[in-house]
């Protein structure tokens with residue numbers, strides 16, 4: 001998995017952000033423990049070993065493989081397992097929780113299909129055409145604009161199997177206080193299996 005997010009200074013004299021992606025390699029063991037290595041610009045930043053987690057709270061709990069069950073699962077994860085909401089998650093909320101899910105699990109064909117069905121049922125995403133993701137893979141892009149935040153979410157799916165390849169957030173309007181311009185990337189995630 002490769003991730004990157006923007007660190008911002010604010011104010012009229014703010015410097016333009018410098019971007020350095022992080023490469024996060026997670027190796028799972030059969031007992032549920034994992035080793036996580038983080039590097040940037042070819043340099044190892046950290047290595048951490050995590051014990052098995054037996055939590056039944058998303059994203060540690062195994063994701064379900066139907067759209068309805070996945071909606072409930074993502075809602076529990078997004079709300080931290082403590083609140084019960086009257087309204088279903090919005091597409092933006094699903095996209096915001098997606099990195100937590102995909103940093104923990106590699107979705108199989110049924111789970112990927114459930115995610116695609118859930119997003120189609122929720123609505124709001126529109127096709128944006130064929131793209132090449134940050135890891136050089138061909139994908140189909142779907143975008144969602146968040147006008148109040150001046151952000152565009154772009155979900156990249158493998159056109160062959162619907163697997164989530166990446167998610168990007170870009171600014172849709174100049175933000176002079178943060179020295180960012182429309183089109184600048186705020187954050188991206190690219191997942192490898």
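In full-length UniProt numbering, the protein residues as written are 1 to 193. We put the beta carbon where it would ideally sit given N, CA and C, even for glycine. Since we're looking at a predicted model, the values are computed, not measured.
Nearest-angstrom beta carbon gap, residue j and residue i [assumed within contact, 8 Å]
i	j	result
residue 133	residue 139	5 Å
residue 143	residue 128	5 Å
residue 255	residue 91	The displayed coordinates of the chain run from 1 to 193. Any statement about residue 255 would go beyond what the structure contains.
residue 167	residue 99	6 Å
residue 102	residue 191	5 Å
residue 22	residue 33	Rounded, the Cβ-Cβ distance is 22 Å, inconsistent with contact.
residue 162	residue 116	5 Å
Environment of residue i [buried if 16+ CB atoms lie within 10 Å]
i	result
residue 50	exposed
residue 108	exposed
residue 189	buried
residue 71	buried
residue 148	exposed
residue 183	exposed
residue 218	The structure shown does not extend to residue 218, since the chain spans only 1 to 193, so no value can be given for it.
residue 141	buried
Residue interval of the beta strand (DSSP E) (run including residue i)
i	result
residue 137	Run containing residue 137: none; DSSP gives neither H nor E here.
residue 45	43 to 50
residue 190	185 to 190
residue 152	151 to 157
Which of helix, strand or coil DSSP assigns to residue i
i	result
residue 127	strand
residue 33	coil
residue 110	helix
residue 145	strand
residue 89	coil
residue 172	coil
residue 164	strand
residue 25	strand
Residue range of the unbroken alpha helix (DSSP H) whose run includes residue i
i	result
residue 74	67 to 78
Backbone CA spacing between residue i and residue j [nearest angstrom]
i	j	result
residue 110	residue 179	42 Å
residue 153	residue 181	16 Å
residue 156	residue 164	6 Å
residue 185	residue 137	19 Å
residue 31	residue 46	22 Å
residue 43	residue 86	46 Å
residue 118	residue 12	42 Å
residue 172	residue 126	16 Å
residue 48	residue 25	11 Å
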